[in-house]
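Positions in the sequence shown are counted from 1; adding 92 to them yields my numbering. Idealized CB from N, CA, C, for every residue including glycine.
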Amino acid sequence: MAKENRSFAVIGLGAFGQTVAAELARFGNHVIGVDMDERRVNSMASVLTATVILDSTDEGALREAGIERYDVALVAIGEDIQASILTTMNLKLCGVNTIWVKASNRTHHRILMKLGADRVILPEQEMGRHIAQMLNNPVMLDYVSLGNGYSVVNMAVPERMAGQPLKALDFTGHDLTLLGVMRGTEFRPAHSRDYTLEKDDKIIVLGKRPELRSFGDQI
């Protein structure tokens, strides 16, 4: 069954907002970009489904743009915390179902959560943790945090294991789940335990971060 594309409003077209909006559009979603800066809006006009120049702290302007029709709104306003808070409040008043907001700091984060934002993100901190994980252990090529301490990690297979079966990976003493193997763009599920590993294969592993770090150090 094909995924049903959704509609997104990205408010604030700085570097972060432009990147998210462009990627959402690339995935085939209906995306409107909103900003007060005419140059930013014009630069995204050929990329997004729609763009509009307006002040998102003005509830009436948002309603006039039909913002309530969008499934998800992302407030990607940068350093202007007041504008970010007012925009979030206005989106709630307009009845937008799901609201994500970029926060500038922890205090901003707490305020946004109190206002009822569905997800508040601190991009610099999240990316910082992401980079630190990969710098700390080079076999960890990428990871996704699932919450409650769990992550899914993409690990490089050591060259010494090339030619060995997948079942040769030793998870003894580690509370981890092997999900499968990536070879280029091809995914092999973990139940193919006789699958022969090759150089440049990547294993996908689920577990808590300390266990993943320990296993990464081991291999």
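- Taking the CA atoms as reference points, E290 sits about 10 Å from V273.
- The three-state reading of DSSP puts H122 in strand, counting E and B together.
- In this chain, the beta strand (DSSP E) harbouring I295 covers K294 to K300.
- Between the region 255–269 and the region 204–219, the count of C-beta pairs closer than 8 Å stays below three; the two stretches do not touch.
- A straight-line Cα-Cα distance of about 42 Å links R161 and A282.
- By the 16-neighbour rule on beta-carbons within 10 angstroms, L233 is exposed.
- Rounded to the nearest whole angstrom, the C-alpha separation of R132 and T190 is 24 Å.
- Secondary-structure assignment with DSSP links K194 through a beta bridge to I213.
- V249 carries a coil assignment under DSSP once its states are collapsed to helix, strand and coil.
- Secondary structure at G170: coil, using DSSP grouped into helix, strand and coil.
- Considering only A114, L105, N182 and L268, the residue with the shortest C-alpha distance to S243 is L268.
- The residues G241, Y242, S243 and D267, in chain order, have a CB closer than 8 Å to that of K300 in the same chain once the five nearest residues on each side in sequence are set aside.
- Taking C-beta atoms as the reference points, A113 and V126 fail to come closer than 7 Å.
- F279 counts as exposed, since fewer than 16 other C-beta atoms from the protein chains shown sit within 10 angstroms of its C-beta.
- In the same chain as V245, and ignoring 5 residues on each side of it, the C-beta atoms closer than 7 Å to its own belong to M232, Y235, V297 and L304, in chain order.
- When the alpha-carbon of L154 is set against those of T141, Q110 and M128, the nearest one is in M128.
- Close CB contacts of A117 within its chain, under the 8 Å cut and outside five residues either way in sequence, are with V123, V139, L140 and T141 (chain order).
- Of the candidates D309, V102, E216 and P250, the residue whose Cα lies closest to the Cα of K294 is P250.
- Considering only Y287, V167 and S196, the residue with the shortest C-alpha distance to L258 is Y287.
- C-alpha of Q110 to C-alpha of Q256: approximately 44 Å in a straight line.
- Taken through DSSP and simplified to helix, strand or coil, S243 comes out as strand.
- Residues of the same chain with a CB within less than 6 Å of the CB of M253, apart from the 5 flanking positions on each side, are L289 in chain order.
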